[in-house]
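Visitor:
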Amino acid sequence: MKIRLTTLAAALAVASCTVERVDPPAALFEVPAAVEGRWYKGNTHTHTTESDGDSPPEVVARWYKEHGYDFLVLSDHNVFTDPATLAELVDSTFLLVPGEELTSSFEERPVHVNGLNIPGVVEARSDSTLVGTIQANVDAVRDVQGVPHINHPNFRWAYGATELAQVERDRLLEIFNGHPLVHNEGGGGTPGMEAVWDSLLSGGKRIYGIAVDDAHHFQGEFAPGRANPGRGWVAVKATAREPAALMEALEAGAFYASTGVVLADVRVSPDRIEVHITPEDDFRYTTVFIGASGRELARTGANPAVYELKEDVGYVRARLTDSGGAHAWTQPVFVVHAPARR
Ligand SMILES: [Zn+2]
Ligand SMILES: [Zn+2]
Numbered sequence: 406m407k408i409r410l411t412t413l414a415a416a417l418a419v420a421s422c423t424v425e426r427v428d429p430p431a432a433l434f435e436v437p438a439a440v441e442g443r444w445y446k447g448n449t450h451t452h453t454t455e456s457d458g459d460s461p462p463e464v465v466a467r468w469y470k471e472h473g474y475d476f477l478v479l480s481d482h483n484v485f486t487d488p489a490t491l492a493e494l495v496d497s498t499f500l501l502v503p504g505e506e507l508t509s510s511f512e513e514r515p516v517h518v519n520g521l522n523i524p525g526v527v528e529a530r531s532d533s534t535l536v537g538t539i540q541a542n543v544d545a546v547r548d549v550q551g552v553p554h555i556n557h558p559n560f561r562w563a564y565g566a567t568e569l570a571q572v573e574r575d576r577l578l579e580i581f582n583g584h585p586l587v588h589n590e591g592g593g594g595t596p597g598m599e600a601v602w603d604s605l606l607s608g609g610k611r612i613y614g615i616a617v618d619d620a621h622h623f624q625g626e627f628a629p630g631r632a633n634p635g636r637g638w639v640a641v642k643a644t645a646r647e648p649a650a651l652m653e654a655l656e657a658g659a660f661y662a663s664t665g666v667v668l669a670d671v672r673v674s675p676d677r678i679e680v681h682i683t684p685e686d687d688f689r690y691t692t693v694f695i696g697a698s699g700r701e702l703a704r705t706g707a708n709p710a711v712y713e714l715k716e717d718v719g720y721v722r723a724r725l726t727d728s729g730g731a732h733a734w735t736q737p738v739f740v741v742h743a744p745a746r747r
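So the sequence shown is residues 406 to 747, counted in my numbering.
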């Protein structure tokens with residue numbers, strides 16, 4: 406018995422000497438470039454009487470200005486409203502970014518893609534496939550140096566992660582849309598928008614989640630069954646209230662999406678994410694950190710909410726919920742491996 410143990414120990418000693426020891430690479434966050442500046446609250450999807458909204462552009466723009474928004478995109482169906490026609494509303498506190506909702510379809514499926522910061526009307530495109538139709542409209546916006554965003558994929562159950570994984574040159578996806586008929590939560594076996602987002606991220610696609618109003622109704626009763634304003638927005642960290650600065654920050658993921666929760670800051674270091682909440686009244690907050698495949702990594706009631714990276718979880722994003730049910734969503738921070746230590 407003693408001999409056998411000694412032999413085993415010798416064998417282990419030989420193994421440990423002859424096998425080159427390589428530490429597994431450390432998992433680290435890819436730290437986004439620091440953005441100076443402040444948060445600008447904006448809505449990138451709203452309708453007026455120029456298409457199927459119930460109020461003219463000046464009434465719609467004034468609603469947002471009077472409700473504390475820093476910027477707004479009027480996005481009528483295949484109609485461009487020149488912000489110059491509303492110049493009296495634009496000042497140092499409020500900006501109109503030109504836009505349009507490119508409104509197309511494939512067979513019975515609506516394909517709606519917003520074009521932000523475009524120079525004029527962009528004709529909606531169609532194609533011989535569903536994916537091709539989405540791509541053609543994304544490309545139409547890119548062709549004029551605009552910023553596309555993919556609108557309400559679950560509207561009429563048009564398409565999901567399978568199709569979106571094949572689309573290129575898109576960076577922004579509506580994960581919350583305030584219109585009552587867009588099925589944000591999914592159902593009947595069809596994933597909701599957050600699950601679609603996680604599926605795309607887990608497959609390696611870099612895409613950021615936005616919240617929008619898609620408001621149509623500024624008159625009469627404000628009710629859950631109507632498409633009223635004020636339900637979903639983005640807060641963009643940018644250096645200036647200018648279209649180019651806001652667009653650059655959006656496409657870099659320097660923003661969070663919200664239906665009511667306000668954040669003071671999101672700080673990322675190589676091994677840590679801190680989400681600082683701006684508390685309101687006596688509301689309480691729950692933050693869930695989510696990784697690849699939509700897996701819940703951690704949950705906390707603390708402010709700031711902190712996630713410390715210990716292993717490769719693909720990416721980490723946070724969903725905050727307040728005690729009234731409102732949310733904020735931070736953008737994914739991707740995990741990279743440091744070079745192996747020697
Ligand atoms: Zn639409
Ligand atoms: Zn719309």
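Ideal Cβ positions, reconstructed from N, Cα and C, are used throughout, including at glycine.
Quick one: is GLY630 buried, meaning 16 or more other Cβ sit within 10 Å of its Cβ, or exposed?
Guide: Burial call: exposed.
Visitor: Using three-state DSSP, classify ALA731 as helix, strand or coil.
Guide: DSSP places ALA731 in coil when its eight states are reduced to three.
Visitor: Does ligand 2 have a heavy atom nearer than 7 Å to the CB of SER510?
Guide: No, Cβ of SER510 sits at least 7 Å from all heavy atoms of ligand 2.
Visitor: Give, in chain order, every unbroken run of the beta strand (DSSP E) that is at least 3 residues long and sits entirely within the segment 565-623.
Guide: List check, beta strand (DSSP E) in window: 577-582 and 613-617.
Visitor: Can you give, in chain order, each stretch of the alpha helix (DSSP H) that sits fully within the segment 471-496 and has at least 4 residues?
Guide: Whole alpha helix (DSSP H) segments, 4+ residues: zero.
Visitor: Along the chain, where does the alpha helix (DSSP H) that runs through VAL543 open and close?
Guide: First-last of the alpha helix (DSSP H) with VAL543: 535-548.
Visitor: Taking 7 Å as the cut-off, is the CB of GLU513 close to at least one heavy atom of ligand 1?
Guide: The answer is no for GLU513.
Visitor: Check whether the Cβ atoms of PRO461 and THR454 sit closer than 8 Å, and answer yes or no.
Guide: It is a contact, given that the beta carbons lie within the stated cut-off.
Visitor: Report the residue from SER497, PRO553, VAL549 and HIS584 whose alpha carbon sits nearest the alpha carbon of GLU506.
Guide: The shortest Cα separation from GLU506 among SER497, PRO553, VAL549 and HIS584 belongs to PRO553.
Visitor: Quick check on the burial criterion: 16 or more other C-beta atoms within 10 angstroms. Buried or exposed for ALA414?
Guide: At ALA414, the pLDDT of 47 sits below 50, so the modelled position is not reliable and the matter cannot be decided from this model.
Visitor: In terms of residues, what are the limits of the beta strand (DSSP E) holding PRO515?
Guide: 514-521 is the extent of the beta strand (DSSP E) around PRO515.
Visitor: Rounded to whole angstroms, what's the CA-CA distance from PHE485 to LEU491? Just pull it up for me.
Guide: So the alpha carbons of these two residues sit roughly 13 Å apart.
Visitor: Counting only the same chain and skipping the five closest in sequence on each side, list residues whose C-beta sits under 8 Å from that of PRO437.
Guide: Once the five neighbours on either side are set aside, the close Cβ partners of PRO437 are ALA657, GLY658, ALA659, VAL673 and VAL738.
Visitor: Drop a sphere of 10 angstroms on the beta-carbon of SER531, count the other beta-carbons inside from all chains shown, and report buried for 16 or more, exposed for fewer.
Guide: Classification of SER531: exposed, given that the 10 Å Cβ count is below 16.
Visitor: Ends of the alpha helix (DSSP H) at LEU651?
Guide: Per DSSP, LEU651 belongs to the alpha helix (DSSP H) from 648-656.
Visitor: What is the rounded straight-line gap between the Cα of THR498 and the Cα of GLU626?
Guide: Spanning the two alpha carbons is a distance of roughly 28 Å.
Visitor: According to the Cβ coordinates, are GLY447 and VAL639 closer than 8 Å?
Guide: Contact: yes.
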